[in-house]
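Enquirer: Below you will find the structure I want to go over with you.
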Amino acid sequence: MIKVIITAKRKAGMSMEAFKDYYENHHSVRGTRNFPGMASYTRKYLTPVGTDAEPPFDVITETCFATEEDYQRAIAHFASDPAEMEAHFADEENLFDRSTILTFLVDECSTRL
């Protein structure tokens, strides 16, 4: 299983409710179309606990691919259409402060309970 985590902060002035609505009803649809072959695609919206401080990001997006080949095919598919790639990045401007977006490949370890 290949897991990719993306963290991001909503754009300045956007409420958390509007951010979640746009991501769920617009941007995630684009993501599903642009990265075919995902085994799962989840968004985890964060609420700070025990502080009034503004967090460095508002969402953790997790995509999983069954195999390395599926992951590479999805990346190649995205890169194969420059116009759609440009539209995808332009759509990110509708909800993210793009300077905050970080992407990670995950090496996951679990504790057996």
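Residue 43 in our numbering sits at position 57 of the sequence shown, with consecutive numbering throughout.
Glycine included, C-beta positions come from ideal geometry on N, C-alpha and C.
#1: Under 8 angstroms, Cβ to Cβ, is there at least one residue of chain B near E78?
#2: Quick one: grab the DSSP three-state call for V15.
#3: Which one of L88, A52, N80, E54 has the shortest CA to CA distance from G(-1)?
#4: Strictly by DSSP, which residues pair up with S26?
#5: Would a C-beta distance cut-off of 8 angstroms place K(-5) and F82 closer than the cut-off?
#6: Is the beta carbon of T101 less than 8 angstroms from the beta carbon of I(-8)?
#7: I need the boundaries of the beta strand (DSSP E) containing K(-5), first residue and last residue.
#8: Can you tell me which of the three DSSP states F90 falls into?
#9: Might you give, ordered along the chain, the residues of its own chain that have their beta carbon closer than 7 angstroms to the beta carbon of K(-11), omitting 5 neighbours on each side?
#10: Are the beta-carbon atoms of R29 and V45 separated by less than 8 angstroms?
Expert: Let me lay it out:
#1: The structure shown contains no chain B, having only a single protein chain.
#2: Walking along the sequence shown from the start, residue 15 turns up at place 29. Three-state result, V15: helix.
#3: For the purposes of this step, residue -1 is taken as the residue at position 13 of the sequence shown. The candidate whose alpha carbon is nearest that of G(-1) is N80.
#4: As a position in the sequence shown, residue 26 is number 40, starting the count at 1. Paired residue(s): C50.
#5: On the sequence shown, residue -5 is found 9 positions in, with the first residue counted as 1. On the sequence shown, residue 82 is found 96 positions in, with the first residue counted as 1. Yes, Cβ-Cβ distance for K(-5) and F82 is below 8 angstroms.
#6: Outside the shown range of the chain (-13 to 99) lies residue 101, about which nothing can therefore be said.
#7: Translated into the one-based positions of the sequence shown, residue -5 becomes position 9. Segment: none, K(-5) is in no beta strand (DSSP E) and carries neither H nor E.
#8: Within the sequence shown, residue 90 is the residue found at index 104, counting from 1. Looking at F90 - three-state DSSP - the assignment turns out to be strand.
#9: For the purposes of this step, residue -11 is taken as the residue at position 3 of the sequence shown. Contacts found: E48, C50, V92, E94.
#10: Working through the sequence shown from its first residue, we reach residue 29 at position 43. Working through the sequence shown from its first residue, we reach residue 45 at position 59. It is a contact, given that the beta carbons lie within the stated cut-off.
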